[in-house]
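Participant:
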Ligand SMILES: Nc1ncnc2c1ncn2[C@@H]1O[C@H](COP(=O)(O)OP(=O)(O)OP(=O)(O)O)[C@@H](O)[C@H]1O
Ligand SMILES: [Mg+2]
């Protein structure tokens, strides 16, 4: 047998994602075009929400030069926002390194992995070999422009140019400019749909997208109300995995196991902490840093099996609110009826979550022959794999006939499901559909049923009013005819108004139930 | 005469229109009261047949949509009928249906099918208390009379019913106005089927024996029944000759007693008329007893009709019940064409007809021919 040299190659995180770009939604030029826009827009929205200002986001995409070898089209993309901006010293790491994120906390936000934006830039660099540009400023601070590349092998930023454009600015902002090879034509529908759905779930944002053909898509905000900023929270003891526990232990400054538990976890007082430690068979005053791997595993098991933790604190979550959801739906879809509800907080696998649902009917909505289901997670629209999503399964199992609808496919009805959580149980890294967790499914179903009951009574009133109107019109037709015939027979035409005033229909249906 | 009638009809229709006009002016829902031809309003007696004697009334109300359509419908129908009447035109039920198939009536009275307008004709009869013929809606005429009867009809001509062609006088849709002159017959024999009736005429039996032959051609039409009643009122004995079958028994009874569906039209029953045959007695022991082999079997439909007959108010007399029970028992029927089975040659046929009629007219009406 030939001696074989085993070569262990260490690859950087950036390198790893470069090799597995399908995982993050970059598997083909069409999908990549969509994903790039989406990641940059999400970062912009996150930044604006932190700034507590109604977001004002512009997205410009133009065709750059044709490739000489004819491989594909290069686009230039510029995304600007009025968010909190970055401290210039943070720019290289935030944009030039994967797994750097300001969002690695237990907090509800759009971004989670410290990956999205950087992957987009990385993809652009790989396909065009061109640098990207970031211009940013914080309130009152200097405006600086960075021209950068990413060292893929080492997962390190390379700053090519750094310029100070102004010493001070009035309002913070960020502008990211990049080139990438993509395919806009086929991605157009998805991108516009993504922005429209974002406008639904962010009715307080102004967004302008000008596409490579010069076609503008404008989404104007219809409200100034911004939902409260999600609060940061400690982990719930049942919500940590072994990985996070080890990281906490290796970085903690606490000196005993009991204080470690009370300091880093919510819902853990010293009494509870002592019980957990006893359950793990450990010494309460042991220094966390000195725990062996075996002891850490024992502690982890104890955290998992301890039965008396209070459920996680949901007050840190920031759902949209039924009012804003209805607002967004009304402004983008113009239905005749809309009803949104927010379910009380609930818990899955130690993560708090809140479900918001809505139903819209009629108006400019049209039946499409398919279930019109809009899904949102932490205010991000989910556009792919609808039929694998938990909401889809729930929508299919509800008996819509009981709510006065023949079927979802044949009626002008749209469903909306928004889930906010410190952890959204996505089935894939692509963040496209949500796993069928029974706790979540249950809340979605209850929410949709409440909306459906409201829709039912709306439809009932509407149909009654329609019948009354039809009845009135029939009366009018018959009395007109009778009046004519009576004139023929008697020479005098009796008026119809007096009689018809006795069958006036009830004045119109109210637009919405309450 | 005809003109006077039109004036009366117009008066009734105008009254209804004026009442509706007043109601509309006052902002009141108009309504029309009428006696429906339901069983509660129809009496039966052997002496008079079906008689319409209203006890219960219905209302066509302008406050309910379905009823409003009916109201508009009969008003429109009466208006058009009056127009025809005043211009000396008649119309059939089919015409009446087409009078509704116009652009102006889309969304109101434009009919789905003729049943819709037909049922409104009956309503108009009930509301006006007049037969539809009085408002110019007539059926295709059906029925002839052949014999020495002189009459003057609307055409103004005086006619002898044995001198107007080989079938005799065709009874008009509305015989009401006919005036009889000299009547030279001892009786009228009303025959269900055209074939045997024509044979009697062709064999010269009416002339030789002083009788008239009325040809019903199936169920007697309203005009034929009215005509027979008028003759009966003139003192002419009426005899009815039909097949022996569950259907024919109804035909005979309708001539005598009228029917439920036209019970609201007076003067259609001829209670003095007599059913002379074919009877079960003729088949069992009488005239045809040697020709039972020529009977026909009853079909399922025939049997069903026989079962239904047992419950008809005008067939409750023991005579009819006995006759009808025979069908249920024997599951057979006899047709008038049985005469042909008895006498394939023309010469004998005449003798058989005369012999049968002589026997039957004597037995039932005491008339010798
Ligand atoms: N427009 C912006 N304004 C301010 N900060 C930004 C902006 N874009 C990116 N950042 C910073 O850069 C970090 C990295 O962004 P990146 O998109 O790579 O990861 P993320 O948003 O944290 O997570 P995800 O992988 O889910 O997108 C962010 O956490 C944020 O701190
Ligand atoms: Mg991001």
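Chains as they are written, first to last, in this note's numbering: chain A, 1 to 514; chain B, 515 to 883. No residue lacks a Cβ here, since even glycine has one placed at the ideal position from N, Cα and C. The model shown is predicted, which means the values in this text are computed figures rather than measured ones.
Does the Cβ of residue 83 (chain A) lie closer than 6 angstroms to at least one heavy atom of ligand 2?
Facilitator: Here residue 83 (chain A) is taken as the residue at index 83 of the first chain, counted from 1. Incorrect: residue 83 (chain A) has no Cβ contact closer than 6 angstroms to ligand 2.
Participant: Going by Cα to Cα distance, which pick from A:198, A:489, A:340 and A:483 is closest to residue 221 (chain A)?
Facilitator: Your numbering for residue 221 (chain A) matches position 221 in the first chain. It is A:198.
Participant: Tell me which same chain residues have a C-beta within less than 8 angstroms of the C-beta of residue 529 (chain B), skipping the five on either side of it?
Facilitator: For this step, residue 529 (chain B) is matched to residue 15 along the second chain. Correct list: empty, nothing qualifies.
Participant: Tell me which residues share the same chain as residue 845 (chain B) and place their Cβ nearer than 8 angstroms to its Cβ, disregarding the 5 neighbours each side in the sequence.
Facilitator: As a first step, residue 845 (chain B) must be located in the second chain, where it is residue number 331. Excluding residues within five positions, the ones whose Cβ falls inside 8 angstroms are 811, 812 and 817.
Participant: Based on the DSSP output, what are the partners of residue 345 (chain A) in its beta bridges?
Facilitator: Residue numbering aside, residue 345 (chain A) sits at position 345 when the first chain is read from its first letter. Note: residue 345 (chain A) sits in no beta bridge, so no partner.
Participant: Rounded to whole angstroms, how far is the Cβ of residue 662 (chain B) from the Cβ of residue 699 (chain B), which I believe are closer than 8 angstroms?
Facilitator: Your numbering for residue 662 (chain B) matches position 148 in the second chain. Your numbering for residue 699 (chain B) matches position 185 in the second chain. Indeed, because the Cβ distance is near 5 angstroms, the residues count as touching under 8 angstroms.
Participant: For residue 734 (chain B), which three-state DSSP category applies?
Facilitator: By 1-based counting over the second chain, the position of residue 734 (chain B) is 220. It is coil, neither helix nor strand.
Participant: Near residue 741 (chain B), what residues of its chain come up, given a Cβ to Cβ distance below 6 angstroms and the 5 sequence neighbours on each side ignored?
Facilitator: Taking the second chain and counting its residues from 1, one reaches residue 741 (chain B) at position 227. Correct list, in chain order: 685 and 689.
Participant: Hey, would you say residue 704 (chain B) sits closer than 7 angstroms to residue 725 (chain B), going by beta carbons?
Facilitator: Locating residue 704 (chain B) in the second chain gives position 190, where the first residue counts as 1. Locating residue 725 (chain B) in the second chain gives position 211, where the first residue counts as 1. No.
Participant: Tell me the rounded alpha-carbon separation between residue 51 (chain A) and residue 148 (chain A).
Facilitator: What you label residue 51 (chain A) is simply residue 51 of the first chain in a count that begins at 1. What you label residue 148 (chain A) is simply residue 148 of the first chain in a count that begins at 1. One C-alpha to the other measures close to 25 angstroms.
Participant: Would you call the CB atoms of residue 54 (chain A) and residue 224 (chain A) closer than 7 angstroms?
Facilitator: If you number the first chain from 1, residue 54 (chain A) lands on position 54. If you number the first chain from 1, residue 224 (chain A) lands on position 224. The answer is yes: Cβ separation under 7 angstroms.
Participant: Taking DSSP's pairing of strands, which residues face residue 573 (chain B) in a bridge?
Facilitator: Position 59 of the second chain, counted from the start, is the residue given in the question as residue 573 (chain B). For residue 573 (chain B), which the question treats as bridged, DSSP gives the partners B:547.
Participant: Relative to ligand 1, is the shortest distance from any of its heavy atoms to the C-beta of residue 174 (chain A) smaller than 6 angstroms?
Facilitator: Taking the first chain and counting its residues from 1, one reaches residue 174 (chain A) at position 174. Residue 174 (chain A): yes, Cβ under 6 angstroms from ligand 1.
Participant: Here's the rule I'm using: 16 or more other beta-carbon atoms within 10 Å means buried, otherwise exposed. How should residue 776 (chain B) be labelled?
Facilitator: Within the second chain, the letter at position 262 stands for residue 776 (chain B). Burial call: buried.
Participant: Could you tell me whether any Cβ in chain A is nearer than 7 angstroms to the Cβ of residue 621 (chain B)?
Facilitator: Stepping through the second chain from its first residue, residue 621 (chain B) is reached at position 107. So, interface residue.
Participant: Is any heavy atom in ligand 1 found nearer than 6 angstroms to the beta carbon of residue 205 (chain A)?
Facilitator: One-based indexing of the first chain puts residue 205 (chain A) at position 205. Flag unset: Cβ of residue 205 (chain A) not near ligand 1.
Participant: Any contact of the stretch 285-297 of chain A with the stretch 317-330 of chain A, i.e. 3+ C-beta pairs under 8 angstroms?
Facilitator: Counting Cβ pairs under 8 angstroms, fewer than three are found: no touch.
Participant: Can you pull the chain B neighbours of residue 474 (chain A), defined as C-beta to C-beta under 7 angstroms?
Facilitator: Taking the first chain and counting its residues from 1, the one referred to as residue 474 (chain A) is at position 474. Per Cβ cutoff of 7 angstroms: 579.
Participant: Listing by chain order, which chain A residues have their CB less than 8 angstroms from the CB of residue 539 (chain B)?
Facilitator: The sequence position of residue 539 (chain B) within the second chain is 25, counting from 1. Result: 494, 495 and 498.
Participant: Kindly confirm or deny that the stretch 373-390 of chain A and the stretch 453-473 of chain A touch, where touching means at least three C-beta pairs closer than 8 angstroms.
Facilitator: Flag = no, the stretch 373-390 of chain A and the stretch 453-473 of chain A do not touch.
Participant: Ligand 1 and residue 94 (chain A): does any heavy atom of the ligand fall closer than 6 angstroms to the residue's C-beta?
Facilitator: Translated into the one-based positions of the first chain, residue 94 (chain A) becomes position 94. For ligand 1, at least one heavy atom lies less than 6 angstroms from the Cβ of residue 94 (chain A).
Participant: Ordered along the chain, which non-local residues of its own chain (more than five positions away) have a Cβ less than 6 angstroms from that of residue 62 (chain A)?
Facilitator: In the first chain, the residue the question calls residue 62 (chain A) occupies position 62. Answer for residue 62 (chain A): 76 and 212, listed in chain order.
Participant: Using a Cβ cut-off of 7 angstroms (strictly closer), state whether residue 866 (chain B) contacts chain A.
Facilitator: The residue given as residue 866 (chain B) occupies position 352 in the second chain. No, because no Cβ of chain A sits closer than 7 angstroms to the Cβ of residue 866 (chain B).
Participant: In chain B, which residues lie less than 7 angstroms from residue 478 (chain A) when you measure between Cβ atoms?
Facilitator: For the purposes of this step, residue 478 (chain A) is taken as the residue at position 478 of the first chain. Per Cβ cutoff of 7 angstroms: 582, 583, 586 and 622.
Participant: Measuring alpha carbon to alpha carbon, tell me which of B:540, B:558, B:536 and B:875 ends up nearest residue 723 (chain B).
Facilitator: For this step, residue 723 (chain B) is matched to residue 209 along the second chain. Out of B:540, B:558, B:536 and B:875, B:875 has the C-alpha closest to the C-alpha of residue 723 (chain B).
Participant: Return the first residue and the last residue of the beta strand (DSSP E) that residue 145 (chain A) is part of.
Facilitator: Start at 1 with the first residue of the first chain, and residue 145 (chain A) comes out as number 145. Run containing residue 145 (chain A): 143-151, per the beta strand (DSSP E) assignment.
Participant: Check whether the stretch 603-612 of chain B and the stretch 816-833 of chain B are in contact - that is, three or more C-beta pairs closer than 8 angstroms.
Facilitator: With the cut-off at 8 angstroms, the stretch 603-612 of chain B and the stretch 816-833 of chain B do not touch.
Participant: For residue 84 (chain A), tell me which candidate among A:110, A:43 and A:267 has the shortest Cα-Cα distance.
Facilitator: Indexing the first chain from 1 puts residue 84 (chain A) at position 84. Nearest of A:110, A:43 and A:267 to residue 84 (chain A), Cα basis: A:43.
Participant: Residues in the same chain with beta-carbon distance under 6 angstroms from residue 265 (chain A), minus the five sequence neighbours each way, listed in chain order, please.
Facilitator: Counting from one through the first chain, the residue named residue 265 (chain A) turns up at place 265. Hits under 6 angstroms: 234, 235 and 237.
Participant: Which of the three DSSP states, helix, strand or coil, is assigned to residue 182 (chain A)?
Facilitator: Here residue 182 (chain A) corresponds to residue number 182 of the first chain, with the count starting at 1. Correct three-state label for residue 182 (chain A): strand.
Participant: Which residues, in chain order, does the stretch 520-531 of chain B contribute to contact with chain A at a C-beta distance below 8 angstroms?
Facilitator: Taking 8 angstroms as the Cβ-Cβ cut-off against chain A, the residues of the stretch 520-531 of chain B that qualify are 527, 528 and 531.
Participant: Check residue 660 (chain B) in the structure and name its three-state DSSP category.
Facilitator: Numbered from 1 along the second chain, position 146 holds the residue referred to as residue 660 (chain B). Looking at residue 660 (chain B) - three-state DSSP - the assignment turns out to be strand.
Participant: Would you report the Cα separation of residue 706 (chain B) and residue 836 (chain B), rounded to the nearest angstrom?
Facilitator: As a first step, residue 706 (chain B) must be located in the second chain, where it is residue number 192. As a first step, residue 836 (chain B) must be located in the second chain, where it is residue number 322. Roughly 21 angstroms separates the two Cα atoms.
Participant: Kindly provide the ranges of any beta strand (DSSP E) runs that are 3 or more residues long and lie completely inside the stretch 674-761 of chain B, ordered along the chain.
Facilitator: Within the stretch 674-761 of chain B, the complete beta strand (DSSP E) runs of at least 3 residues are 693-697, 701-705, 725-729 and 752-755.
Participant: In whole angstroms, what separates the C-alpha of residue 381 (chain A) from that of residue 93 (chain A)?
Facilitator: By 1-based counting over the first chain, the position of residue 381 (chain A) is 381. By 1-based counting over the first chain, the position of residue 93 (chain A) is 93. Taking the straight line from one Cα to the other gives about 28 angstroms.
Participant: Taking the alpha-carbon positions, what's the residue 515 (chain B) to residue 691 (chain B) distance?
Facilitator: As a position in the second chain, residue 515 (chain B) is number 1, starting the count at 1. As a position in the second chain, residue 691 (chain B) is number 177, starting the count at 1. Only weak support is given to the placement of residue 515 (chain B): the predicted model assigns it a pLDDT of 40, under 50, and the question is left unresolved by the model.
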